[in-house]
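Just so we're aligned, residue 555 is where the sequence shown starts under my numbering, counting upward by one.
Ideal Cβ positions, reconstructed from N, Cα and C, are used throughout, including at glycine.
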Amino acid sequence: MTRRLARRLQDVPPTVFTTMSALALRTGSVNLGQGFPDEDGPPEVVRRAVAALQGGRNQYAPGPGVPELRQAVAAHQRRHYGIDLDPDREVLVTAGATEALAAAVLSLVDPGDEVAIVEPFYDAYLACVAMAGGVRRPVPLRRTASGFRLDVEALRATVTDRTSVLLLNTPHNPTGAVLDASERAAIAEVAVRHDVVVVVDEVYEHLTYDGVRHAPLAAEPGMAERTLTISSAGKTFSLTGWKVGWATGSEELVTTVMAAKQWLTFTNAAPLQPAIAYALDHEDEAVATLAADLAVRRDLLCGGLAELGLDPVVPQGTYFTLGDVRHLGWPDGEAFCRALPERAGVVAIPAQAFYDDPADGRHLIRWAFCKNRSSIERALHQLARADLTA
Numbered sequence: 555m556t557r558r559l560a561r562r563l564q565d566v567p568p569t570v571f572t573t574m575s576a577l578a579l580r581t582g583s584v585n586l587g588q589g590f591p592d593e594d595g596p597p598e599v600v601r602r603a604v605a606a607l608q609g610g611r612n613q614y615a616p617g618p619g620v621p622e623l624r625q626a627v628a629a630h631q632r633r634h635y636g637i638d639l640d641p642d643r644e645v646l647v648t649a650g651a652t653e654a655l656a657a658a659v660l661s662l663v664d665p666g667d668e669v670a671i672v673e674p675f676y677d678a679y680l681a682c683v684a685m686a687g688g689v690r691r692p693v694p695l696r697r698t699a700s701g702f703r704l705d706v707e708a709l710r711a712t713v714t715d716r717t718s719v720l721l722l723n724t725p726h727n728p729t730g731a732v733l734d735a736s737e738r739a740a741i742a743e744v745a746v747r748h749d750v751v752v753v754v755d756e757v758y759e760h761l762t763y764d765g766v767r768h769a770p771l772a773a774e775p776g777m778a779e780r781t782l783t784i785s786s787a788g789k790t791f792s793l794t795g796w797k798v799g800w801a802t803g804s805e806e807l808v809t810t811v812m813a814a815k816q817w818l819t820f821t822n823a824a825p826l827q828p829a830i831a832y833a834l835d836h837e838d839e840a841v842a843t844l845a846a847d848l849a850v851r852r853d854l855l856c857g858g859l860a861e862l863g864l865d866p867v868v869p870q871g872t873y874f875t876l877g878d879v880r881h882l883g884w885p886d887g888e889a890f891c892r893a894l895p896e897r898a899g900v901v902a903i904p905a906q907a908f909y910d911d912p913a914d915g916r917h918l919i920r921w922a923f924c925k926n927r928s929s930i931e932r933a934l935h936q937l938a939r940a941d942l943t944a
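Spelled out as structure tokens, the structure:
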């Protein structure tokens, strides 16, 4: 039979997370690859979902989301960032952040449009741009003594009047970087100058460490009307399987994204949406406790990886650290990750999947510290006993 895959997807590989998580399951390895926590989120939020299931909230929710969740998202943005949103016109509930990203790109990008993407990037970004027929233009984060930082000169050279959308993530997966004031100002400058829409994935907004605080791009001068902000309950409340996310921005941008979203899921997770509304309104303390606990687990993992010669960056936020395997003689991170389950009973993610040119990230490995302490300790013990050299 003739190959049926559309040409625009032929250069997009299968997601690395499916491959590596299947490898972890098959080998019984500790999974420090895929970014899901070992423990569920706040018990009261789960109870609220159960009550909604038993209380008859099991039919279609409104396409934009249930009113109480849209109101809770708007209240969250006002409380944390001083951003005022109309919950009826400027908030859209989605099937996780991934659907919000897909709907944003599909509704904002025409075939041939240039899309600037800050890299390394979550691999779904590449697929979304490919499905829209866009042309990727990478803007790198580069490792420095203080972690990964945006190459501002590359940003200014890449974003032009031909750019339709700038797609980025802060706090940043997989580097753990949090955009600072100068980086946010540079993004705002080029976006305003070239009339570019910025789609920013902020799902790790509350998971930052060492006193570093996330600040939304939408709050920068001139950015409110041209920024679509995406977030999710999955990471904030350790409920990744619920797939409840949202997009916020001007009425014009949210209406534009809804034009695509209505033909994707249309609606999702009706009994879970009121539970997430409760979480946004009442679980700030639980989120702060989670961030503090993650900082401890980050230090445990990064300290152990450093002792093993894996050269991890100490992230400012997210679930992840990036390490470098060149010191162990490996020229290729994918080969290292495929050998790791047999050698050490541990799975990690080769970061070359997160680069437009895989050669740029060939030496980097992503490790997740959102697992419980015993899993991290077990992984480090097994890594310490293994021969990790090429």
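Reduced DSSP category for residue i - H, G, I as helix; E, B as strand; rest coil
| i | result |
| --- | --- |
| R733 | At residue 733 the sequence reads Leu, which differs from the Arg that was named. Of the three classes helix, strand and coil, the one that applies to L733 here is coil, per DSSP. |
| A922 | strand |
| M555 | Below a pLDDT of 50, predicted positions are generally treated as unreliable, and M555, at 49, falls in that range; the measurement from the model is reported next regardless. Looking at M555 - three-state DSSP - the assignment turns out to be coil, as it is neither helix nor strand. |
| W796 | helix |
| V584 | strand |
| L854 | helix |
| G687 | coil |
| S786 | strand |
| V620 | coil |
| V719 | strand |
| T573 | helix |
| E668 | strand |
| D755 | strand |
| V841 | helix |
| G887 | helix |
| I637 | coil |
Closest by C-alpha distance to residue i, when choosing among the options
| i | options | result |
| --- | --- | --- |
| R716 | G688, R738, N926 | G688 |
| R632 | D878, T802, V752 | T802 |
| P770 | G788, A739, R747, D749 | A739 |
| D914 | D878, D838, V713 | D878 |
| Y635 | H760, F702, A898 | H760 |
| A778 | T572, V746, Q870 | V746 |
| S575 | F874, A907, V850, I903 | I903 |
| D667 | R643, V713, D705, A628 | V713 |
Cα-Cα separation, residue i to residue j
| i | j | result |
| --- | --- | --- |
| R691 | A578 | 33 Å |
| R780 | R939 | 52 Å |
| V753 | L807 | 10 Å |
| P618 | P912 | 37 Å |
| Q608 | P828 | 13 Å |
| M555 | L722 | Only weak support exists for where M555 lies, its pLDDT of 49 falling under 50; the coordinates are left without a value. |
| P665 | A686 | 6 Å |
| P616 | T821 | 7 Å |
| A711 | H935 | 45 Å |
| T648 | A684 | 21 Å |
| E888 | R703 | 24 Å |
| A933 | T573 | 19 Å |
| V901 | T875 | 14 Å |
| L862 | F908 | 24 Å |
Burial state of residue i, where buried means 16 or more other Cβ atoms lie within 10 Å
| i | result |
| --- | --- |
| R920 | buried |
| T504 | Only positions 555 to 944 of the chain appear in this structure, which leaves residue 504 out of reach. |
| S792 | buried |
| Y614 | exposed |
| A559 | The sequence given here places Leu at residue 559; Ala does not occur at that position. Its Cβ having fewer than 16 others within 10 Å, L559 is exposed. |
| Q588 | buried |
| S928 | exposed |
| N585 | buried |
| S700 | exposed |
| Q906 | buried |
| N926 | exposed |
Residue i - partner residues in DSSP beta bridges
| i | result |
| --- | --- |
| G701 | T698 |
| L876 | R920 |
| A801 | L646, I784 |
| G776 | G776 pairs with nothing; no bridge assigned. |
CB contact below 7 Å: residue i versus chain B
| i | result |
| --- | --- |
| E931 | You won't find chain B in this structure, because it holds only one protein chain. |
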